[in-house]
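Chains as they are written, first to last, in the working numbering: chain A, 1 to 326; chain B, 327 to 582. Every residue, glycine too, gets a C-beta built ideally from N, C-alpha and C. Working notes, structure below.
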Amino acid sequence: MSGILVITEQSGGAWHRVSQEALGAGLELGRALGVAVRACVYGSGASVAAAELAAYPVEQVIALESPLLEAYTADGAALALEWLVREEQPEVVVMPHTYQVRDYASRLATRLGRALLADATGFRVEDGAAVFQRQLFQGKLTGDFVFETPGPNFVSVQAGSFRAPEAGAAAAAVETRTPELDAARIRQTPEAPFREADRAVDLTAAERIVAVGRGIREEGNLALAQELAEALGAELGASRPICDNGWLPMERQVGSSGQTVAPKLYVAVGISGAIQHLVGMKGSGCIVAINKDADAPIFEAADYGIAGDLFDVVPALTEALKKARG
Amino acid sequence: MKILVALKQVPARDSLLRIGAGGCWLDEADLSYEINEPDAYALEAALRLKEQQGGEVVVLTAGPERVSSSIREALAKGADRAIHIEAEGLEGWDALGLGRLLAAAAAAEKPDLVLTGLQSDDAGSGQTGVALAELLDLPHATIVMAVEAAEGGVRVKRELEGGWFQHVSMPLPAVLTIQSGINKLRYATLMGIKRAKTKEVKRVTAAELGVAAAPGLRLKRLYQPQRVKQTQFLAGTPAEQAAALVEKLRFEARVL
Ligand SMILES: Cc1cc2nc3c(=O)[nH]c(=O)nc-3n(C[C@H](O)[C@H](O)[C@H](O)COP(=O)(O)OP(=O)(O)OC[C@H]3O[C@@H](n4cnc5c(N)ncnc54)[C@H](O)[C@@H]3O)c2cc1C
Numbered sequence: 001m002s003g004i005l006v007i008t009e010q011s012g013g014a015w016h017r018v019s020q021e022a023l024g025a026g027l028e029l030g031r032a033l034g035v036a037v038r039a040c041v042y043g044s045g046a047s048v049a050a051a052e053l054a055a056y057p058v059e060q061v062i063a064l065e066s067p068l069l070e071a072y073t074a075d076g077a078a079l080a081l082e083w084l085v086r087e088e089q090p091e092v093v094v095m096p097h098t099y100q101v102r103d104y105a106s107r108l109a110t111r112l113g114r115a116l117l118a119d120a121t122g123f124r125v126e127d128g129a130a131v132f133q134r135q136l137f138q139g140k141l142t143g144d145f146v147f148e149t150p151g152p153n154f155v156s157v158q159a160g161s162f163r164a165p166e167a168g169a170a171a172a173a174v175e176t177r178t179p180e181l182d183a184a185r186i187r188q189t190p191e192a193p194f195r196e197a198d199r200a201v202d203l204t205a206a207e208r209i210v211a212v213g214r215g216i217r218e219e220g221n222l223a224l225a226q227e228l229a230e231a232l233g234a235e236l237g238a239s240r241p242i243c244d245n246g247w248l249p250m251e252r253q254v255g256s257s258g259q260t261v262a263p264k265l266y267v268a269v270g271i272s273g274a275i276q277h278l279v280g281m282k283g284s285g286c287i288v289a290i291n292k293d294a295d296a297p298i299f300e301a302a303d304y305g306i307a308g309d310l311f312d313v314v315p316a317l318t319e320a321l322k323k324a325r326g
Numbered sequence: 327m328k329i330l331v332a333l334k335q336v337p338a339r340d341s342l343l344r345i346g347a348g349g350c351w352l353d354e355a356d357l358s359y360e361i362n363e364p365d366a367y368a369l370e371a372a373l374r375l376k377e378q379q380g381g382e383v384v385v386l387t388a389g390p391e392r393v394s395s396s397i398r399e400a401l402a403k404g405a406d407r408a409i410h411i412e413a414e415g416l417e418g419w420d421a422l423g424l425g426r427l428l429a430a431a432a433a434a435e436k437p438d439l440v441l442t443g444l445q446s447d448d449a450g451s452g453q454t455g456v457a458l459a460e461l462l463d464l465p466h467a468t469i470v471m472a473v474e475a476a477e478g479g480v481r482v483k484r485e486l487e488g489g490w491f492q493h494v495s496m497p498l499p500a501v502l503t504i505q506s507g508i509n510k511l512r513y514a515t516l517m518g519i520k521r522a523k524t525k526e527v528k529r530v531t532a533a534e535l536g537v538a539a540a541p542g543l544r545l546k547r548l549y550q551p552q553r554v555k556q557t558q559f560l561a562g563t564p565a566e567q568a569a570a571l572v573e574k575l576r577f578e579a580r581v582l
């Protein structure tokens, strides 16, 4: 049992962007623990992606191919990767914390009698062992976690937590492997992915966005945010619960399951700053957060913060903007 | 259709979270608790399926005495009966251990469908439902937005990233982890609350289920995250804060 195995994610040869960050995490961990790092890629397009992976400073690249992996299924991925982990015997398996990993990784870890350390944001090495950080309570607290079990241990890393490594000249050996899979053990039948109806607004093109969260309390209070948006010449966006409630259409949802936006100005009103929201807006030029909880995680992403009651602050801000415009 | 809903009780949203003595979990003294939000949606989905298809909804919860309030709430909303796995200190268990605990109780029930929330609002690792599926050797789907009965099984709508969705079918029995917000939660009626008192709550301990704590993943320390970013907080009355922010946005950030 040795080394680190990074399982990357791609589809049809196109990378999931957190894959490179997982690779970065694996390489950092490899350096810190003084062990070799291998990378693996599975599914349709694996061989194309494997050739690209070979340009990173890894010891070996494994392309896992099988007709049964063409369309993703949780059973298929768990079976194929279980086979690989048993063959390769890595000490630590590193994955990106994507929706797909959320779907199969715990199945894979459980099959090997392990618990997955999900959504890690960092690590340090203490007495030769890695201590991982992950968020609890939707980012309000952080925990230090250690594995008590011998390898293989499994960790998935949060988007934006590790730096993607630089690719160099292709040097790593690429090996194609074909796991023995029993079609009868793949019980899910997937259909083609789809999007809901066309969008009337394109938030990604907005220069300024005022986004509202659950702090707004009632649908009737949305007018407050609407007036602020008008005073700023901004589009209205929202966190997920607002769209789930049907107070604003889904196309205005910002975050991992909604839009990824990067306006010049993003004003978050009554939004706590859960990671699924942050990934959709942290690339914004200037971020303002208004929240009554001075410890809300959203402030960690904000350039300017107002710790206060939005029902006082938002009308005052609308007023001040109108005055400034003259 | 017999539907088992695995529910977790978690600290109420917007609770003031203070680290407890020992630094490994919260100071629970002044906390109030509620049903984990995604689990409440799993219960709602189960109740709706039962209304369409008939059958039984059984609630499964592990935790200390305080979780009885969440069990009562679920029964008042319409669940038929409950299983309470009595256990203390579960915050020290990892998702695999919790999965084993729940699986031991769930297996005896032979449910057609097991529903649970896609993650908990406290630990938030999103693993328990999937581990449970593997331990019961059942197919599963995660981040489920809608469930419909299909030929010999279920067809679910899964959420993918960035506004994409996918339908997936699988045979029953199966385990589904339900996304928050997919339907409208019902309130318990007065009649429901009255009836809940007469419904069966079976109590069982981890020892009786033959499951012991054996964490493979240990939480060593819990703490407030360190601030890395220099956020400029604006002070004063709301009017002063607003005026200061407009100044900053115009002349410092130049975004107006
Ligand atoms: C798979 C998955 C995908 C997801 N995708 C997304 C996504 O795309 N987008 C998204 O946003 N979320 C998404 N979520 C949900 C996410 O985890 C959070 O639950 C959600 O972002 C919380 O929304 P919120 O901040 O509005 O609400 P809350 O977390 O409830 O926060 C409300 C905030 O308002 C503040 N507040 C309350 N009253 C006031 C007041 N009077 N004045 C000022 N502040 C006040 C509170 O202090 C709190 O910080 C996803 C979750 C999962 C599991």
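Is there contact between the stretch 148 to 162 of chain A and the stretch 110 to 121 of chain A, where contact requires at least three CB pairs shorter than 8 Å? yes
Starting from the C-beta of alanine 429 (chain B), find all residues in its chain whose C-beta is less than 6 Å away, skip the five residues before and the five after it, and write them out in chain order. Leu458, Leu461, Leu462
Exposed or buried, which one is methionine 496 (chain B) when buried takes at least 16 other CB atoms within 10 Å? buried
Less than 7 Å separating the Cβ of lysine 292 (chain A) from some heavy atom of ligand 1? yes
N-terminal and C-terminal residue of the beta strand (DSSP E) that isoleucine 469 (chain B) is part of: 466 to 476
Would you say the stretch 174 to 194 of chain A touches the stretch 47 to 62 of chain A, given that touching needs at least three Cβ pairs under 8 Å? yes
Length of the line joining the Cα atoms of alanine 46 (chain A) and valine 393 (chain B): 47 Å
Compute the distance between the beta-carbons of valine 269 (chain A) and alanine 211 (chain A), then report whether it is under 8 Å. yes
How about serine 446 (chain B) and asparagine 362 (chain B): do their beta carbons lie closer than 8 Å? yes
Just to confirm the assignment, what range does the alpha helix (DSSP H) spanning threonine 442 (chain B) have? First-last for threonine 442 (chain B): 439 to 443, but that is the beta strand (DSSP E), not the alpha helix (DSSP H).
For valine 530 (chain B) versus glycine 455 (chain B), is the C-beta spacing smaller than 8 Å? no
Could one say the Cβ of arginine 374 (chain B) lies closer than 8 Å to chain A's Cβ atoms, at least one of them? no
Looking at the C-beta of proline 249 (chain A), does it have a partner C-beta in chain B at a distance below 8 Å? no
Contact set between histidine 493 (chain B) and chain A, taken where Cβ atoms lie within less than 7 Å: Glu191
Kindly say whether glutamate 460 (chain B), judged by its beta-carbon, lies nearer than 8 Å to any beta-carbon of chain A. yes
Following the continuous alpha helix (DSSP H) through tryptophan 83 (chain A), name the residue where it begins and the one where it ends. 74 to 88
Is the CB of glutamate 487 (chain B) under 8 Å away from at least one CB in chain A? yes
Cβ pair glutamine 133 (chain A), aspartate 144 (chain A) closer than 8 Å: yes
Strictly under 8 Å for the Cβ-Cβ distance: is isoleucine 306 (chain A) near chain B by that measure? yes
Could you please tell me which residues of the stretch 175 to 188 of chain A, in chain order, have their CB closer than 7 Å to any CB of chain B? Arg187, Gln188
contact_flag[the stretch 97 to 113 of chain A, the stretch 465 to 473 of chain B] where n(CB pairs < 8 Å) is 3 or more: yes
Have a look at A:Lys140, A:Leu112, A:Val35 and flag the residue whose alpha-carbon is nearest the alpha-carbon of aspartate 340 (chain B). A:Lys140
Report the neighbours of leucine 117 (chain A) on chain B: residues whose CB is nearer than 7 Å to its CB, in chain order. Leu543
Could you check how far apart the C-beta atoms of leucine 330 (chain A) and valine 572 (chain B) are, in whole angstroms? I think they sit under 8 Å. The displayed coordinates of chain A run from 1 to 326. Any statement about residue 330 (chain A) would go beyond what the structure contains.
Can you round the beta-carbon distance between serine 256 (chain A) and glutamate 487 (chain B) to whole angstroms, since I take them to be within the 8 Å contact cut? 6 Å
Best match in B:Glu399, B:Gly562, B:Leu582 for proximity to glycine 305 (chain A) [C-alpha to C-alpha]: B:Gly562
Cβ-heavy atom distance between glycine 283 (chain A) and ligand 1 below 7 Å? no
Taking all protein chains shown into account, do 16 or more other C-beta atoms lie within 10 angstroms of the C-beta of aspartate 448 (chain B), making it buried, or fewer, making it exposed? buried
Whether or not the stretch 77 to 86 of chain A and the stretch 404 to 424 of chain B are in contact is what I'm after, with contact meaning three or more pairs of Cβ atoms, one per stretch, closer than 8 Å; do they touch? no
Taking the straight line between their C-alpha atoms, what separation do you get for leucine 248 (chain A) and isoleucine 242 (chain A)? 6 Å
Would the C-beta of arginine 374 (chain B) count as close to ligand 1, meaning under 7 Å from any of its heavy atoms? no
So, at 6 Å on beta carbons, what are the nonlocal neighbours of leucine 310 (chain A) in its own chain, with the 5 sequence-adjacent residues on each side left out? Gly215, Val269, Gly270, Ile290
is_contact[serine 2 (chain A), chain B] using C-beta, thresh 8 Å: no
Assign valine 336 (chain B) to one of two classes, buried (16 or more other C-beta atoms within 10 Å of its C-beta) or exposed (fewer than that). buried
Mind checking whether the beta-carbon of proline 241 (chain A) lies closer than 7 Å to any heavy atom of ligand 1? yes
In whole angstroms, what separates the C-alpha of glycine 381 (chain B) from that of alanine 475 (chain B)? 13 Å
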